[in-house]
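Heads up: the structure comes next, in structure tokens.
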Amino acid sequence: MLRHRVHWAPRTWKTPLSAARATAPALPTQRLAWLPASQQPPRSRRYSTASHPAALPTETLSPSPPTQQGPPSSRTTLSFSITDRVGVLDECLAALRNRAISLTRIESRPSRTPDWDYDFYVDFTADAPATVQTAITALKGLAKNVRVITTHPGAAERPTPWFPLRMRDLDSFADRVLAMGEELASDHPGATDPDYRRRRGRITEMAKAYRTGQPLPHVSYTPAEVRTWGAVFNQLTSLYPDYACREYNHLLPLFVTNCGYREDHIPQIEDISRFLQECTGFTLRPVMGLLSSRDFLNALAFRVFHSTQYIRHPSKPLYTPEPDVCHELLGHVPLFANPEFAAFSQEIGLASLGASDADVEKLATIYWFTVEYGLCRETVRGPDGTPQSVVRAFGAGLLSSFGELAYSLSDQPEYRAFEPARTAEQKYPITEYQPVYFVAESFKDAKEKVREFAKTLQRPFDVRYDPYSQRVIVLDSKEKVLRYAQTINSDMQTLTHALEKLHS
Ligand SMILES: [Fe+2]
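In case it helps, the UniProt record's numbering puts the sequence shown at residues 1 to 504.
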């Protein structure tokens, strides 16, 4: 019996690459020009904007503290204000340095009140929470308005993993695949076919060479490859009216019209990416094979989906042990044109930036039970015209799997309501049909729930995505938060004016 499902979703993998990066030299931080060398904070790396793979930073954004026993160390941000007199800043910093405190950021600005001259903002790591208190007490004797802005006991033991800040930082993922790609497992249908392996190697080489801003690789598919695609296309599209969610069935015809989805034509990801960008800002990038959970999810924060371009072996057109162009283009792509689904996917991606390994695993599990194997509830008209609540599929692993699509909507599996906190803990098989599926009320509802869930993750900062600069903004300073508030304020004014015009 053929197995029809693919079992590809981001998972947490251990890779020699992560070990290699962990030993790479740290990048220098921007130095504080107004401080003498003796007062410069240690050369730790914060949110690097390094984009060249060779400049890949270490996995951590802050220096790892020495291994120690006893109470956990704390990462703290505090502010204080001073009146301008000779030596006062040096006295304040000495008060911190003398207490086993490691400064990682110092920032000054003219005070907003007439009571003092300058406000200072300081990030530091202390060896224990008690040290923070003694430092504050000492500072209060030298400065005014000493305030703790944030403190995270134990945060120093949880260094923030590196994450991309700019679109072109995703280039560093190009050759960080964990499986498949150029190498095939011994049980892969194409493992002993040298022609298939050579063909596949040429396609993955193009993905490996791709860099942000270049045209996406064009693959001239052979007649045999098109026949394989056609067999899959015909089988799946005959099932969608009864099993796929309403949004999918609404969108698929748009891809037929705009991107050349046909039985006798394998669409090019360049055409699809351009169309998706016009719809929701999502774009595609070519990928050689399996990425780590972290890399794969991080890209979603940029509304970027990594897509393979090679196709399954022609000997088994209805089976693939890995993601291929059929899985990506038929299973995943259409729903990225839906604004709510796009926002939901990006929400998972944003939550993954800088998340701990444990939290990335939770997010990957949520991804698995939604984007790959998600079901949703919708209302349809029954034979007598009355509304009925039904369950339909929206996960790509289902929409590209003949067998599991029908199975998932039979009375065999168990359904549970999608609740990220519980879904994230659910174990699942990767080589069998799922015994449990989670049912979302809607994409919008799922997005809001993931956003709430993200607040519970252990991350001492928040992020947002700026689509104009295609950058991730880390909201870790008052200035950035204020700038964000101004953006929202501007949008609110536009909204208010639009509403006023509608009502006038
Ligand atoms: Fe997938």
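We treat Cβ as the ideally placed atom computed from N, Cα and C, and that holds for glycine.
- Annotation: SER352 to VAL86 spans about 46 Å, alpha carbon to alpha carbon.
- Within 10 angstroms of the beta-carbon of LEU482 lie fewer than 16 other beta-carbons, which makes it exposed.
- Short note on HIS332: C-beta closer than 7 Å to some heavy atom of ligand 1.
- Taking the Cα positions, TRP116 is about 51 Å away from ARG422.
- Between THR222 and the set PRO267, LEU409, GLU425 and ASN98, the nearest pair of CA atoms involves PRO267.
- Residue environment analysis places ASN489 among the exposed positions, since fewer than 16 neighbouring C-beta atoms fall within 10 angstroms of its C-beta.
- One alpha carbon belongs to ILE311, the other to TRP368, and they sit about 22 Å apart.
- When C-alpha distances from SER410 are compared across PRO435, TYR196 and THR365, the shortest belongs to PRO435.
- Remark: C-beta atoms of ILE101 and THR131 approach each other more closely than 8 Å.
- Each residue's CA atom was taken as its position, placing LEU475 and ARG262 some 45 Å apart.
- Here the alpha carbon of SER292 sits roughly 49 Å from the alpha carbon of LEU142.
- At least one heavy atom of ligand 1 sits closer than 7 Å to the Cβ of ALA396.
- As summarised for the region 249 to 316, the continuous beta strand (DSSP E) elements at least 3 residues long and confined to that stretch are 283 to 286 and 304 to 307, given in chain order.
- Within the same chain, LEU78 come within 6 Å of VAL148 by CB-CB distance, once the 5 residues on both sides are set aside.
- Under the criterion of beta carbons closer than 8 Å, ARG211 and ASP295 do not qualify as touching, at roughly 16 Å.
- Non-local beta-carbon contacts of GLN470 in its own chain, meaning distances under 8 Å to residues more than five positions away in sequence, involve ARG166, MET167 and PHE302 in chain order.
- In chain order, GLY281 place their CB closer than 7 Å to the CB of PRO467, counting only its own chain and leaving out the 5 sequence neighbours on each side.
- In this structure HIS503 is exposed. Its beta-carbon is surrounded by fewer than 16 other beta-carbon atoms within 10 angstroms.
- Distance from the C-beta of HIS327 to the nearest heavy atom of ligand 1 is below 7 Å.
- Remark: fewer than three beta-carbon pairs, one from each stretch, lie closer than 8 Å, so the region 367 to 384 and the region 311 to 323 are not flagged as touching.
- Taking every protein chain shown into account, the CB of LEU495 has fewer than 16 other CB atoms within 10 angstroms, so this residue is exposed.
- Beyond the five residues adjoining it in sequence on each side, GLY349 comes within less than 6 Å, by CB distance, of LEU297, LEU300 and ALA301 in the same chain, given in chain order.
- Taking a 10 Å sphere around the C-beta of ALA393, we find 16 or more other C-beta atoms and assign the residue as buried.
- DSSP places PHE453 in no beta strand (DSSP E) but in the uninterrupted alpha helix (DSSP H) bounded by 443 to 455.
- Beta bridge pairing from DSSP links PRO387 with ARG381.
- Within the same chain, ALA393, LEU405 and LEU409 come within 6 Å of TYR243 by CB-CB distance, once the 5 residues on both sides are set aside.
- DSSP places VAL88 in no beta strand (DSSP E) but in the uninterrupted alpha helix (DSSP H) bounded by 88 to 97.
- Nearest neighbour of ALA358 by Cα position, chosen from GLU372, LEU276 and LEU457, turns out to be LEU457.
- Ranking GLY385, ALA424, ARG381 and GLU322 by CA distance to the CA of GLU361 puts ALA424 first.
- Just measuring C-alpha positions, the residue of GLU270, GLU278 and PHE275 sitting nearest ARG285 is GLU270.
- Between ASP264 and GLY230, the gap from beta carbon to beta carbon is short of 8 Å.
- Here ARG109 is exposed: its Cβ has fewer than 16 other Cβ atoms, across all protein chains shown, within 10 Å.
- Excluding five sequence positions before and after MET288, the CB atoms of its chain that fall closer than 6 Å to its own CB belong to VAL177, GLY181, THR204, ALA207 and LYS208, given in chain order.
- For the set ILE473, LEU236 and GLU500, the Cα lying nearest the Cα of THR487 is the one of ILE473.
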